[in-house]
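K.L.:
Shown below is the structure under consideration.
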Amino acid sequence: MLQVEQLAVSYGEAIALEGISITAEAGSVVSIIGANGAGKTTLVNTIAGILRPRAGRILLEGRDLATVPPHRISAQGVAIVPEGRRLFSKLSVLDNLLMGTYARRGQAPGPFTLEWILELFPVLGERRKQLAGTLSGGEQQMVAIGRALLAQPKLLLLDEPSLGLAPIVVASIFDVIRRINREAGVTILLVEQNVPRALELATKVYVLSNGRIVQEGRPEELAQDDRIRQAYLGQ
Ligand SMILES: Nc1ncnc2c1ncn2[C@@H]1O[C@H](COP(=O)(O)OP(=O)(O)O)[C@@H](O)[C@H]1O
Ligand SMILES: [Mg+2]
């Protein structure tokens, strides 16, 4: 459903990504792992239309996203849970969640309802009137995921959802990501530095280093690979 072909992205003169080709089948979970500065955020932000590529193509269900204006990309079915959540801290939980629906203005309703989001994250119902800035990191991540789902994505981009969260909270966030994929059939592109978790959930894994894909494979293959074990699994 997603095909990225020979993508190149620069910040001014600085090359951030070069020759990136990845594919995601409908209903799969594709994980992108790599060290700080490898280019992971640049990749998901480019797929989300926040950054424009210098070269290459991004096809969503065969349609070239370069032909779609950035503000219309979410209407094509791509939503992002950005690095650092990026909530409106002075707005309520409910208002932050509803931000996701604005991308859908004038379109047919999609499958994801506020009720389903609050079933996924019951604590958000209890805190719906609370200002987002007063939530814990894990609760803020739940709001960011809920907001993205209310944009009715076919493809959900998650940029380091576990960053800065306690292990028990990470476990519950990953359970929810699994449900979003399995129960709702959303294709997931997951950027993670928590490599054991990224491998556990993935159908396919790409390793990004210095702006290039240096390895790809099924998670069980990569988990056996000496380079991956040393660099990312501490084994
Ligand atoms: N806004 C920016 N302007 C210039 N360089 C940037 C900008 N954002 C990221 N970079 C550079 O691009 C490279 C990839 O960064 P990033 O995509 O954030 O990596 P990651 O998410 O894997 O940590 C890094 O060298 C980073 O310094
Ligand atoms: Mg990043």
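Counting from 0, one number per residue, gives the positions in the sequence shown under numbering that gives the first Met the number 0.
Glycine residues also receive a C-beta, built at the ideal position from the N, C-alpha and C atoms.
Given the structure is predicted, the values throughout are model-derived calculations rather than measurements.
1. Okay, do the stretch 43-51 and the stretch 201-221 touch, 3+ Cβ pairs below 8 Å being the bar?
2. Can you tell me which of the three DSSP states residue 179 falls into?
3. Can you tell me which residues fall inside 7 Å of ligand 2, judged by beta-carbon distance to its nearest heavy atom, and keep chain order?
4. Is residue 48 near ligand 1, judged by its Cβ being under 7 Å from some heavy atom?
5. Measuring from the CB of residue 95, is there a heavy atom of ligand 1 at a distance below 7 Å?
6. For a quick check, are the C-beta atoms of residue 82 and residue 174 less than 8 Å apart?
7. Closest to residue 203 by CA distance: which of 189, 103, 8 and 211 is it?
8. Kindly list the residues whose CB is nearer than 7 Å to the CB of residue 231, restricted to its own chain and excluding five residues on each side of it in sequence; keep chain order.
9. Use the C-beta contact count for residue 186: other C-beta atoms within 10 angstroms, 16 or more gives buried, fewer gives exposed.
10. Is residue 35 a contact residue of ligand 1, with contact defined as CB to any heavy atom under 7 Å?
11. Under 8 Å between the Cβ atoms of residue 96 and residue 116?
P.N.:
In brief:
1. Contact annotation: the stretch 43-51 does not touch the stretch 201-221, with fewer than three C-beta pairs closer than 8 Å.
2. Taking the sequence shown and counting its residues from 1, the one referred to as residue 179 is at position 180. Note: residue 179 maps to helix in three-state DSSP.
3. This criterion selects 39, 40, 82, 158, 159 and 190.
4. On the sequence shown, residue 48 is found 49 positions in, with the first residue counted as 1. For residue 48, the Cβ stays outside the 7 Å cut-off from all heavy atoms of ligand 1.
5. Along the sequence shown, one-based indexing puts residue 95 at 96. No, the Cβ of residue 95 stays beyond 7 Å of every heavy atom of ligand 1.
6. Walking along the sequence shown from the start, residue 82 turns up at place 83. Walking along the sequence shown from the start, residue 174 turns up at place 175. No, Cβ-Cβ distance for residue 82 and residue 174 is not below 8 Å.
7. Counting from one through the sequence shown, the residue named residue 203 turns up at place 204. The shortest Cα separation from residue 203 among 189, 103, 8 and 211 belongs to 189.
8. By one-based count along the sequence shown, residue 231 stands at place 232. Cβ neighbours of residue 231 within its own chain (closer than 7 Å, five residues either side excluded): 32 and 194.
9. Residue numbering aside, residue 186 sits at position 187 when the sequence shown is read from its first letter. Under this definition residue 186 is a buried residue.
10. Walking along the sequence shown from the start, residue 35 turns up at place 36. Residue 35 has its CB nearer than 7 Å to a heavy atom of ligand 1.
11. Residue 96 sits at position 97 when you count from the first residue of the sequence shown. Residue 116 sits at position 117 when you count from the first residue of the sequence shown. Taking C-beta atoms as the reference points, residue 96 and residue 116 count as a pair closer than 8 Å.
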